[in-house]
Each structure stands twice: as structure tokens, then as C-alpha cells.
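>
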Amino acid sequence: MELGLVLAIAGIISVITISGIGSAIGVGLAGQAAAGVISEDPEKFGKMIPIIALPGTQGFYGFVMGFLVINKLNLLGAAKSIPIQQGWQLFAITFVVSFVQCISAIHQGKVSVASVGMLAKRPEEMGKAMVLPVFVEIYAILGLGAFFLLFQAIEV
Amino acid sequence: MKERKESPRPGSDTRYTYAVGRIKALEARLISPAEMERLLEEETLAGAFRALGEFSDYAETIAAEKKGPEEILEEQLARAYDAVSEFSLGSNAIQTLRLKYDFHNLKVLLKARLLGAEPDGFSKIGFLSLEEFNRLLAEGTVGGEVDRFAAEAILTALSEVDDGDSLERIEVVLDKSYYRLFLNNLSVNPFLEEYARRTIDLINLRTFWRVQLMDWPEERLAESLLHGGTIQKAFFTANVATPIADFSPKLTDDAYRRILREAKNAYQTKGDLSVLDKLTDDFLVEFLRRAKYYCFGLEPLVGYIAAKENEVMQLRVILHGKEKALLADSLREVLRRSYA
Amino acid sequence: MRLNVNPNRMELLKLRKRLALAKRGHKLLQDKQEQLMRYFLRFVSRARELRKQVQDKVDEGLRRFELCRLVTPEKFLINALSHPAGELKLKVEVTRLLSVRIPRLELESQPNPFTYGLTHTPSDLDLSLKALSETVPLMMELVNVEKTIVILSEEIEKTRRRVNALKFVFIPNMVETVKYIKMKLDELERSNVNRLMRLKELVFEA
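Chains as they are written, first to last, in the numbering used here: chain A, 1 to 156; chain B, 1001 to 1340; chain C, 2001 to 2206.
1) If you draw a straight line from the C-alpha of C:L2142 to the C-alpha of B:I1154, how long is it?
2) Report the rounded CA-to-CA distance for C:E2049 versus C:E2087, giving the unit in angstroms.
3) I'd like to know if A:Q32 contacts chain B, where contact means its C-beta is closer than 8 Å to some C-beta of that chain.
4) Can you pull out the residues from the segment 1279-1311 of chain B whose beta carbon lies closer than 8 Å to at least one beta carbon of chain A?
5) Give, in chain order, every unbroken run of the alpha helix (DSSP H) that is at least 4 residues long and sits entirely within the segment 2030-2097 of chain C.
6) Tell me whether B:P1190 sits in a helix, a strand or coil according to DSSP, three-state version.
7) Do A:G36 and B:Y1018 have their C-beta atoms closer together than 8 Å?
8) Below 8 Å between beta carbons: does that hold for B:R1022 and B:D1057?
9) Considering only residues of the segment 1229-1265 of chain B, which uninterrupted alpha helix (DSSP H) runs meet the minimum length of 4 residues and lie entirely inside it, listed in chain order?
10) Cα-Cα, which of B:D1165, B:D1102 and B:A1078 is closest to B:R1113?
11) List, in order along the chain, the chain A residues whose C-beta lies closer than 8 Å to that of B:R1009?
12) Where does C:D2124 land, buried or exposed, given buried means 16+ other C-beta within 10 angstroms?
13) Which residue from B:A1307, B:S1224, B:L1052 and B:F1127 puts its Cα closest to that of C:Y2238?
14) Rounded to whole angstroms, what's the CA-CA distance from B:N1239 to B:L1181? Just pull it up for me.
15) Give the DSSP bridge partners of C:P2103, in chain order.
16) Under a CB-based cut-off of 8 Å, is B:E948 close to chain C?
17) B:R1357 touches chain A at which residues, Cβ-Cβ below 8 Å?
18) Step through the CB atoms of chain E and report whether any lies within less than 8 Å of the CB of A:K47.
19) Quick check on the burial criterion: 16 or more other C-beta atoms within 10 angstroms. Buried or exposed for A:V131?
20) Cutting at 7 Å between CB atoms, please list the residues of its own chain near A:A129, excluding the five before and the five after it.
21) When DSSP labels each residue in this structure, what does B:E1118 get in the three-state scheme?
22) The alpha helix (DSSP H) with A:E137 in it runs from where to where?
23) Ordered along the chain, which non-local residues of its own chain (more than five positions away) have a Cβ less than 7 Å from that of B:A1059?
24) Is A:S39 close to chain B, meaning its C-beta is less than 8 Å from at least one C-beta of that chain?
25) Between C:R2018, C:N2194, C:M2010 and C:R2046, which has its C-alpha nearest C:M2139's C-alpha?
26) What are the residues of the segment 1319-1335 of chain B that lie near chain C, defined by any Cβ-Cβ distance shorter than 8 Å?
27) Tell me the rounded alpha-carbon separation between B:G1228 and B:A1196.
28) With DSSP collapsed to three states, give me the class of C:N2112.
29) Determine the direct distance from the alpha carbon of B:Y1294 to that of B:K1002, and round the result to whole angstroms.
30) When the Cα atoms are used, what is the spatial distance from A:I18 to A:L76?
31) Starting from the beta carbon of C:R2069, find every residue of chain B whose beta carbon is closer than 7 Å, and list them in chain order.
32) If contact is defined by three or more beta carbon pairs under 8 Å, each pair taking one atom from either stretch, is the segment 2180-2188 of chain C in contact with the segment 2056-2067 of chain C?
33) What number of angstroms, rounded off, separates the C-alpha of B:L1039 from the C-alpha of C:L2105?
34) Please report the distance separating the alpha-carbon of A:L54 from that of A:V97.
35) In three-state terms, what does DSSP make of B:K1002?
36) Should A:L119 be listed as close to the ligand SAM, given that the test is whether its C-beta is under 7 Å from any heavy atom?
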């Protein structure tokens, strides 16, 4: 296999795992806090679900990005061979974006914990509790958007 | 249990995330200031009891059987400590808070033994039951089912008490022993360490004033002062003859100055020190209230325990006050600030 | 009422002596009664004063204690208060006032209640216990004064009964008896004279 393809595959793996790690940490934090609240007050389970799920989106984005690259290179069929420059380009955009995803997921997890605490005290403020982690989500989406633009620009 | 390394940054320890979630849910059940006010407005003790029984935390205890206010409050505190230790991952800081009651029990038992009397005032909140305590004192080693952490702390404290010590000396030695442990175990991060140091400061300030007011000998001050506050012990002993009015400006901490000034004014007009106690308690609650905004770490746990102690204290004021048919206004004067 | 005595000169002399004694005794007892009364009034006002002091101190102590009760767990208070150092020692002695025996309690030593640590006790506890333990010597004094009042009032009662008995019974009785004996004697004298005169008449006639 040529080096270009190796680089692209390394990019795919990194974006999926690094984003996944971030989401796992974020969801883990939010899940723990929510479990604490639910064990005292099981009725709050329904309200907690979206908040726990929010930090999980980054891992999903990572998977989407990885899948786009896989598709572009037709890795599932007869893999295209690409030159080294394109390989570096694909590696760069996937690898760098994965950090936005990872770090935003961890911080979103922390905000979610705070929102869980808020919901425990004021169950009626569901909307506000949702909005706060969504602010962090914006940066994950921006990262995804930037990836998409650059991804379109790379000709294979 | 394995020794756990606590995170040095306040509000950053993610191991307690589950615990914090539970704490947030428990905090939602604390009696709010408005509800406290409603209890205060009840005319009779029976009415206050009925109103209190509407709160989920208290309903069970009150409905169970006819108990006096003291028993209900004690049971409430014991339950809060149980709940928190259930998810505090064996944190020494949290256990130390509860240990206060074991040290109280140790005092009770030692004094009873010294005087050959029946122990009176044994608290049920501590880790060890009366039998466990007696066995521990008789055998002198940690064994069986007793809580290791508590038993070891008690035996260490016990080794500091001499056989010939007077009642007063026992109290002083055990108090000092406890607060050394308190500072030591709470110093897991700067926030809790400051809380511990300030707790010690305020106790020392009260001791200083009390010794002065009662004209007790200087040695009693030197003996009773606790180590580890932000204000050095030497500062107190050097100023033992300085009247409070001149003493408070010498303090560098604004908050302490304000507490002493307000308490002094109250003492001059009403002639009692209840305001001093109230202001020092309020200061600590206010300090810990910041812990409410931490989402990670031990701080919210410590905060919740302090909040529960505070709530029980408020209820004690109200229930005893109603029993003695005191006026709501005079109760309001001693009522502590709410954490909730 | 006349005493039941033989109306003769010897009794008369004896009675007169007793009468003089009774009169002097009466005067002395009256003086004593007055003196007792004066003491009695003085002690009563002292007792009133002391009682007010004790009441004020107890009120103050209890008011402060109530404040402590409000804010301290009961068991902490029990621990702080259950073992004072030293004991209350009293000495009883008997004093005399106007030859009346009055017992007196003397406070020899008082327990020191301040054996508790200062960390978990409310600040007001010191002042409360101070006020309450200051009442103990005052109460002792009050006990002494009130006991004195009781004994004095009994003594006054007794003295007054004696004075009255002397004044209204003994002395009038004796005075009456003296008068009676005198009358009897005079009558005896007169009948004697009469008899002599009669005898003389008979002698002259014969």
C-alpha cells in the first residue's frame, strides 16, 4: 500500500477514536451525575436522557467524518490509490478536527454535569439546562463544518 | 480501603461525580428559608411538628413513633451522614466530619469512667455504638466489625489522654486532637483546607473572647486555643489583655473584624454572646455555600453535611422555642443563615 | 381572779415581792419584745432585698441557658454540664441573737462548673453558669435570713404571750389578791379591835 493511503487511514482511525474517547469521557461524567440524581429521584430519568446524550454527539461526528473519508477513498471496495500530498491533506484535517471534538466533548460533559445538578433542584428549568451544553456543541459543529468544507476541497 | 490521593484543585475531582449528582438531589430536599419561616410562624409545637412532617425527609421519622425533638433531629443527622458516607468513596475528609460525634462520645465515656458514673449524653450519630466503644476502650486494639478509620482515630486520641487528667484537661486534649485530625484530613485541596483553618480561627476567636469575659487565667486561653488557624496562637496569647474593642482592629481579615464588631455591639446592648455564635456559624455557612457551585470534587459533599447540620440547628431553635412558647421574633435573632 | 392563798401577813409579804418581780419582768420582756420586733423588721427587709437579687440572677442565668439550649445539641450540653469539679460544702453553726439560738449555714466551697471544653459549647453558657453559680452564696444568705425571720417571729409570739400573761393575768391577779389579803387582814384587825372593845366593856361591867 502506498504512503498516501496509509496516511488517510491513520486520519480516519484518529478522528474516530479521539472523538470517541472525548465523548466517552463526557458522557461518562454526565451519566455518573445523572445516576446520582436518579437514584434519589427516579422520576427525573426522562429529563436527564438528552443531557447525558449531548456529549455523545462528538463521537458520532467523528464517526461521520471517518465514514466520509472511507467513502471518498472507496475503501470498502477497490481502494483508490492517492498521492502522498492528498494523503497528508486528509490526515491533517481529520487529525486536527478530532481534537476539537475530543476536548469539546469533555467540557460539554462537565457542563452537562452542572445542568444535571440544576435539573435536580429545578426540574421545571429543562430548557435552560439543555441550552448550556448546546453552547459547547456549537464548536463541535463548527469543527465538523470546517472539516466538511476542506474535505470538499480535496480532490482525490 | 486503599489510600486515595485527592485532587489538589478545588472542584476538579471527577471521582465524586456520582456523589455530587446525589448531593444535588438531596440538596433539593433541604428546607428552604421560606419554608423555615412557615415553621417559625406556627403557633404550637404540635403545629410545627405537623408542618415538619410534610417534608419528605422528616415524614418517616415523625410518623414512626412519638419522639422528642432532640431524638428526631439526631436521627436526621445520623441518616444524612449515613447517606453521604454511602457514596463518598470512603473519603477521610467526609468521615472526619462525622468523627466529631465519636470524639464527643469518647469524652462522655472517659468522664464517666473517671468519676465512676453512668455515661450520660452518648450520641447515636458517631460511627461506634456504645457496646463497640466500650469494647474498644477495654481491648485497646482495633478489631471485629468496627469502623477502622474511626477506631484508629479514637485510639490515637486516647493515647494522648493521661490517666491523671482532670475533666477539663480531657475535654481540651480531645478537642485539640479532633481538630488536628480535622485540619489534616480536610486539607485535600486549598478550598477545604481554608474551610478547616477558618473553622479553627472562629473557634479560637470565641475562646479568646470567652476567656477574657470570664476573667479566666491566661493559661486556660493558651491551653484551649487550637492549632492550625490562619491566625497564629501567639497572636491571641500576646493580646490576652487587649479589650475586644482594641483587639478586633488588629485582625487582618475584614470578615473577622466585622463579626467581632457586630458581636460587640450586640453584647453591649443585649448583654449576651448568642450573636457571636450566630455570626461565626453564618460565616462558615456562607463560606461553604461556594461549594454549591462546584460540580466536581468533595466540596459539595462537605457543603451538604454542613447544610444538614445547619438545618437541624435551625429546627432545634424552632422546636425548642415552640416548646417553651418563645416569641418568633426572639427565635429569629438566634436563627442561623440558611445554606439551602 | 384571786389566787388561792391563805390570807395572812406572810403570804402578803411574799405576794408583794412577787408582784414587784412580775412588774420588773414585764418591763424587761416588753423591752425584749420591742428589740425583737426591730430585728424582725430589719431581717424582713433584708430578705426581700436578697430574694429580689436571687430572682434576678436566676432569671438571667436561665434566660441565657435557654439561648444555649436553643442552639446546642442536648447531648453536648449534658456532657458539658454533667460533671462539675469539686463539691458543694456547707457548715452549720449556731449563733445567738438576744439569747435566741439561730442556726446558720456557711458556704465552705462551691463546685466549679466550668470544666467543659470551649469548642463545642455555646458562648453564652459561661455567662449563664456564672450567673447561676453566683446565686448560690446569695441563696445561702437568703436561707439564713429567712430562717432567722421564722425563729424570730416564733420568739416574738412567745414573748408577747408572756408579756400579755403578765400584764393581763398575773399582775392583776396578784394585785387583787394583795388587795384581798389586805382587806382580810384589815377585817381581822377590825374584828380583833371589836372583840377587844367588847372584852373591855365586859370587864368594866363586871
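Don't be surprised by glycine CBs; every beta carbon is placed ideally from N, CA and C.
For this structure:
1) Position 142 of the third sequence, counting from 1, holds the residue named residue 2142 of chain C. Position 154 of the second sequence, counting from 1, holds the residue named residue 1154 of chain B. If I take the Cα positions, the gap works out to 48 Å.
2) Here residue 2049 of chain C refers to the residue found at position 49 when the third sequence is read from its first residue. Here residue 2087 of chain C refers to the residue found at position 87 when the third sequence is read from its first residue. Rounded to whole angstroms, C:E2049 to C:E2087 spans 28 Å at the Cα level.
3) Residue mapping note: residue 32 of chain A aligns to position 32 of the first sequence, counting from 1. So, interface residue.
4) C1295 and F1296
5) 2074-2081
6) Position 190 of the second sequence holds residue 1190 of chain B. Judged by DSSP in its simplified three-state form, B:P1190 adopts helix.
7) Taking the first sequence and counting its residues from 1, the one referred to as residue 36 of chain A is at position 36. Taking the second sequence and counting its residues from 1, the one referred to as residue 1018 of chain B is at position 18. It is a contact, given that the beta carbons lie within the stated cut-off.
8) What you label residue 1022 of chain B is simply residue 22 of the second sequence in a count that begins at 1. What you label residue 1057 of chain B is simply residue 57 of the second sequence in a count that begins at 1. Contact flag unset, no.
9) 1233-1238 and 1244-1247
10) Sequence index remark: in the second sequence, residue 1113 of chain B carries index 113 (1-based). Comparing Cα-Cα distances from B:R1113 to each of B:D1165, B:D1102 and B:A1078, the minimum goes to B:D1165.
11) Stepping through the second sequence from its first residue, residue 1009 of chain B is reached at position 9. What B:R1009 touches in chain A: nothing, since even the nearest Cβ is about 13 Å away.
12) Numbered from 1 along the third sequence, position 124 holds the residue referred to as residue 2124 of chain C. That one is buried.
13) Here chain C covers residues 2001 to 2206 and nothing more, so residue 2238 of chain C does not appear.
14) Working through the second sequence from its first residue, we reach residue 1239 of chain B at position 239. Working through the second sequence from its first residue, we reach residue 1181 of chain B at position 181. Computed Cα separation, rounded: 27 Å.
15) For this step, residue 2103 of chain C is matched to residue 103 along the third sequence. DSSP, once it has assigned bridges, lists C:V2094 as partnering C:P2103.
16) Residue numbering for chain B in the displayed model covers 1001 to 1340; residue 948 of chain B lies beyond these limits and cannot be assessed.
17) Residue 1357 of chain B is absent from the model: chain B starts at 1001 and stops at 1340.
18) In the displayed structure, chain E is absent; the protein chains listed are A, B and C.
19) In the first sequence, residue 131 of chain A corresponds to position 131, counting from 1. The residue is exposed, with fewer than 16 neighbouring Cβ atoms inside 10 Å.
20) By 1-based counting over the first sequence, the position of residue 129 of chain A is 129. Excluding residues within five positions, the ones whose Cβ falls inside 7 Å are I51, S115, M118 and L119.
21) In the second sequence, counting from the first residue as 1, residue 1118 of chain B sits at position 118. It is coil, neither helix nor strand.
22) Residue mapping note: residue 137 of chain A aligns to position 137 of the first sequence, counting from 1. First-last of the alpha helix (DSSP H) with A:E137: M126 to A153.
23) For the purposes of this step, residue 1059 of chain B is taken as residue 59 along the second sequence, with counting starting at 1. If we look at B:A1059 and ignore the five residues flanking it on each side, its Cβ neighbours are G1053.
24) As a position in the first sequence, residue 39 of chain A is number 39, starting the count at 1. Closer than 8 Å to some Cβ of chain B, the Cβ of A:S39 qualifies, so yes.
25) In the third sequence, counting from the first residue as 1, residue 2139 of chain C sits at position 139. Comparing Cα-Cα distances from C:M2139 to each of C:R2018, C:N2194, C:M2010 and C:R2046, the minimum goes to C:R2046.
26) H1320, G1321, K1324, L1326, L1331 and V1334
27) Sequence index remark: in the second sequence, residue 1228 of chain B carries index 228 (1-based). Sequence index remark: in the second sequence, residue 1196 of chain B carries index 196 (1-based). The alpha-carbon atoms of B:G1228 and B:A1196 are separated by roughly 9 Å.
28) Taking the third sequence and counting its residues from 1, the one referred to as residue 2112 of chain C is at position 112. DSSP places C:N2112 in strand when its eight states are reduced to three.
29) Taking the second sequence and counting its residues from 1, one reaches residue 1002 of chain B at position 2. Taking the second sequence and counting its residues from 1, one reaches residue 1294 of chain B at position 294. Annotation note: pLDDT 41 at B:K1002 (below 50); position unreliable, coordinate value reported separately. Cα to Cα, B:K1002 sits roughly 26 Å from B:Y1294.
30) Translated into the one-based positions of the first sequence, residue 18 of chain A becomes position 18. Translated into the one-based positions of the first sequence, residue 76 of chain A becomes position 76. So the alpha carbons of these two residues sit roughly 22 Å apart.
31) Mapped onto the third sequence, residue 2069 of chain C falls at position 69. Near C:R2069 (Cβ distances below 7 Å), the residues of chain B are H1320.
32) no
33) Here residue 1039 of chain B corresponds to residue number 39 of the second sequence, with the count starting at 1. Here residue 2105 of chain C corresponds to residue number 105 of the third sequence, with the count starting at 1. C-alpha separation (whole angstroms): 50 Å.
34) As a position in the first sequence, residue 54 of chain A is number 54, starting the count at 1. As a position in the first sequence, residue 97 of chain A is number 97, starting the count at 1. Between A:L54 and A:V97, the C-alpha separation is close to 18 Å.
35) Counting from one through the second sequence, the residue named residue 1002 of chain B turns up at place 2. Residue placement at B:K1002 is poorly supported in this model, since its pLDDT is 41, which falls under 50; the coordinates still yield a value, given next. Here B:K1002 sits in coil by DSSP.
36) Only the bare structure without any ligand can be found here, which leaves the ligand SAM out of the picture.
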